[in-house]
Structures are given as C-alpha cells and as structure tokens.
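First comes the structure, then the notes that go with it.
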Amino acid sequence: MIDGYTLEPLCSFVVPGQPVPKQRPRTVRAGGKVRTYTPKKTQEFEERVAWAASGVLNIREPPVAKKGEALYIRVVAVYDRPAYLNTPKRPDRMILKTTRGDADNLLKSVCDGIGNAKRFASRLIHDDAQFVGCEVWKFYADRGGKARTEVEIFRLIDNTEAADAV
Numbered sequence: 274m275i276d277g278y279t280l281e282p283l284c285s286f287v288v289p290g291q292p293v294p295k296q297r298p299r300t301v302r303a304g305g306k307v308r309t310y311t312p313k314k315t316q317e318f319e320e321r322v323a324w325a326a327s328g329v330l331n332i333r334e335p336p337v338a339k340k341g342e343a344l345y346i347r348v349v350a351v352y353d354r355p356a357y358l359n360t361p362k363r364p365d366r367m368i369l370k371t372t373r374g375d376a377d378n379l380l381k382s383v384c385d386g387i388g389n390a391k392r393f394a395s396r397l398i399h400d401d402a403q404f405v406g407c408e409v410w411k412f413y414a415d416r417g418g419k420a421r422t423e424v425e426i427f428r429l430i431d432n433t434e435a436a437d438a439v
C-alpha cells in the first residue's frame with residue numbers, strides 16, 4: 274500500500290538477454306541535412322521488450338490498462354556476472370550492480386519498449402506517462418544465472434474511494 278493506494282498486479286513478463294539502458298540519441302549530417310536516430314543497441318533492446326510485452330497481449334483476455342489509469346512499474350535488470358565475481362569468496366546469489374548503466378535510462382528503455390508493443394498486438398498501455406511510480410533494481414546474475422529484465426506492472430487502486438462508498 275502506498276499512501277492510500279493499493280497495488281493490484283496487471284501483468285508481468287521477462288525479457289531474455291542483457292538489459293540495455295537508453296543511450297543518447299546520435300546525430301549525423303548527410304547531404305546538408307541533420308538526422309537524429311536512436312543507437313542500434315537500444316533499438317534492439319526496445320524491440321525485445323516490445324516482443325515480450327506483446328506476449329502478454331496475445332493471451333485470451335489481455336490485461337490492458339485503461340486510458341488515464343495510474344500505473345506503477347517494477348523493473349529488475351539482471352546482468353551477466355563478470356568473471357571477477359565468480360571467485361569462491363563471492364556469494365552465489367545475485368549481487369547489486371553499482372556500475373554504469375543508469376537505472377533511470379534503463380527504465381526509459383523498458384517504458385519505450387512497452388509503448389512499442391502496440392506494433393505487434395493491441396496496446397498494453399496508452400502512454401508511458403501513465404506510470405506514476407516506479408522501482409528499478411540492477412543486479413549481477415546469481416552464479417550460473419542468465420541475463421534478463423523482469424518487468425511487473427501494477428494498477429493503483431484508490432482505497433479512499435472505496436471507503437467513501439461505504
């Protein structure tokens with residue numbers, strides 16, 4: 274519960290592979306014109322997020338958020354474990370990742386990917402502006418674990434409206 278609001282699960286999905294935070298847009302000059310584009314690595318990750326999100330939409334009754342509905346998103350990014358963390362003195366469990374790949378840029382990549390899911394199926398959300406709260410975690414995988422991005426989306430239910438109705 275968050276200050277009078279309850280989180281109700283809407284959907285969850287896992288994006289296999291290495292998480293990729295949103296990179297800065299690139300600008301090139303060609304033929305006297307300036308063109309701005311998103312780097313290929315970011316585009317490919319957003320495409321993987323879109324495919325994973327569209328898998329949720331392909332079920333019989335997809336959990337689609339209504340336009341203007343307040344949502345909360347939780348993202349757990351699990352990166353490949355580097356060799357220096359595979360020594361016997363390191364724990365087998367996931368280890369917090371405090372190095373580059375900013376959490377806010379990772380969240381932006383995931384949200385943009387979810388917004389792109391409408392290309393493959395119906396729309397899961399109308400706009401990433403619907404996310405009013407978020408939680409982002411970065412870890413190195415547990416020993417022998419695989420890189421992935423776990424995404425959970427929740428509806429925020431106003432408990433004061435239910436109490437006023439009684």
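Just so we're aligned, residue 274 is where the sequence shown starts under the working numbering, counting upward by one. Just so you know, even glycine gets a beta-carbon here, dropped at the ideal spot from N, CA and C.
Of the residues the options, the one placed nearest residue i, counting alpha carbons only
i	options	result
K362	R416, D431, G290, L344	R416
R347	V409, D431, R428	V409
E425	T315, I398, F318, L358	I398
Pair within 7 Å by beta-carbon distance, residue i and residue j
i	j	result
A350	L344	no
L380	C407	yes
N378	A323	no
V293	T315	yes
Own chain, CB closer than 7 Å to residue i, minus 5 neighbours either side, in chain order
i	result
F427	L280, E281, P282, L283, L344, Y345
Q291	Y352, D353, A420
D365	D415, R416
R396	V337
I430	Y278, T279, E281
C-alpha distance - residue i paired with residue j, whole-angstrom precision
i	j	result
K440	T311	Missing from the structure shown is residue 440; the chain here goes from 274 to 439 and no further.
F286	G386	12 Å
K340	E320	23 Å
T433	I275	12 Å
E342	V288	24 Å
N359	P298	35 Å
T422	G304	39 Å
A376	S382	10 Å
A325	P355	26 Å
Q403	Y357	40 Å
S327	E317	15 Å
K313	T372	22 Å
Neighbourhood of residue i by C-beta, 8 Å cutoff - its chain only, sequence neighbours within 5 removed
i	result
M367	V351, F412, Y413, A414, D415, G418
V307	T300, V301
Residues near residue i in its chain [Cβ-Cβ closer than 6 Å; skip 5 each side]
i	result
C384	D401
T309	P298, T300
G374	P294
V329	C284, F286
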